[in-house]
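Here the structure comes first, spelled out in structure tokens, and everything after it is commentary.
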Amino acid sequence: MISCIVLAAGHSFRFGSPKALAKIDDQQTVLEYLQNKLVQTHLDEVCVVVGAHHEQIKSFLLNHKKVKSVYNKDHNFGQTSSFKTGLQHVDPQAEGVLLLPVDCPCVTVATIDKLIETFQKDDADIMIPTYKNRKGHPPVFSARLKQSFLDLDHSMGINVISHRKDVAVKLIPFEDEGVVQTFNTPEEFLALQEFLV
8 MISCIVLAAG HSFRFGSPKA LAKIDDQQTV LEYLQNKLVQ THLDEVCVVV
58 GAHHEQIKSF LLNHKKVKSV YNKDHNFGQT SSFKTGLQHV DPQAEGVLLL
108 PVDCPCVTVA TIDKLIETFQ KDDADIMIPT YKNRKGHPPV FSARLKQSFL
158 DLDHSMGINV ISHRKDVAVK LIPFEDEGVV QTFNTPEEFL ALQEFLV
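So the sequence shown is numbered by our numbering: it starts at 8 and just counts up by one.
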């Protein structure tokens, strides 16, 4: 079983409004676009972590058997706290967990499925997709690391674990530029929209 944690709990200060609710086209928000993509993959579960702006965001959550949401009351502490909240709510049977910030919606269904397939055939603790040697999203974490992540202080970055000598990290190259596409500002979002057209 493979789960995905979507981080949608941030304040989006640099963007000026909730990034999850930015309109990717006339039909859907970034969050809707991402959820609609994820339910088409071989993922068994999608856990959307909300926090800041959760009252606005909750009406854009997909009503689908694969999708659930969880509120991170400690969202002010950043991504690590939101990832830990997600980890506490994914199915205990999950052998791997993908991490996908909501501002990284461009990765393709095919890339996610290939990443899942590769992870399930491998013994790596962490698998990271790359594009032209640039690390991207979503990384996949083995369930073996779950407690290590839960033990992290909120002030520590998630990537602390990948630097441990006892953790096997494997980089997986893709031709999908979407793994490195992200946005923090309105200008970057315009570029992302053009990339998706």
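Even glycine gets a Cβ: it sits at the ideal position worked out from N, Cα and C.
Could you tell me how far apart the beta carbons of residue i and residue j are, in whole angstroms, since I believe they sit closer than 8 Å?
| i | j | result |
| --- | --- | --- |
| G103 | I9 | 5 Å |
| T115 | G58 | Wrong, their Cβ atoms sit about 27 Å apart, outside the cutoff. |
| V56 | A15 | 6 Å |
Using the beta-carbon count (16 or more within 10 Å), is residue i buried or exposed?
| i | result |
| --- | --- |
| L45 | buried |
| F190 | buried |
| N140 | exposed |
| D173 | exposed |
| G143 | buried |
| Y40 | buried |
| V37 | buried |
| Q164 | It is Gly, not Gln, that sits at residue 164 in the sequence shown. Under this definition G164 is an exposed residue. |
| V167 | exposed |
Quick check on the DSSP output: the beta strand (DSSP E) that includes residue i runs from which residue to which?
| i | result |
| --- | --- |
| I9 | 9-15 |
| D76 | With the sequence shown as reference, residue 76 is identified as Ser, and Asp is not the correct amino acid for it. Counting along the chain, the beta strand (DSSP E) containing S76 begins and ends at 74-78. |
Looking at the unbroken alpha helix (DSSP H) that takes in residue i, where does it start and where does it end?
| i | result |
| --- | --- |
| F126 | 116-128 |
| E182 | Run containing E182: none; DSSP gives neither H nor E here. |
| E194 | 193-203 |
Quick check on DSSP: helix, strand or coil for residue i?
| i | result |
| --- | --- |
| L159 | coil |
| T92 | helix |
| L68 | coil |
| V167 | helix |
| F148 | strand |
Runs of beta strand (DSSP E) wholly within the stretch 35-65 (minimum 3 residues, chain order): Segments of the beta strand (DSSP E) lying fully in the stretch 35-65: 52-57.
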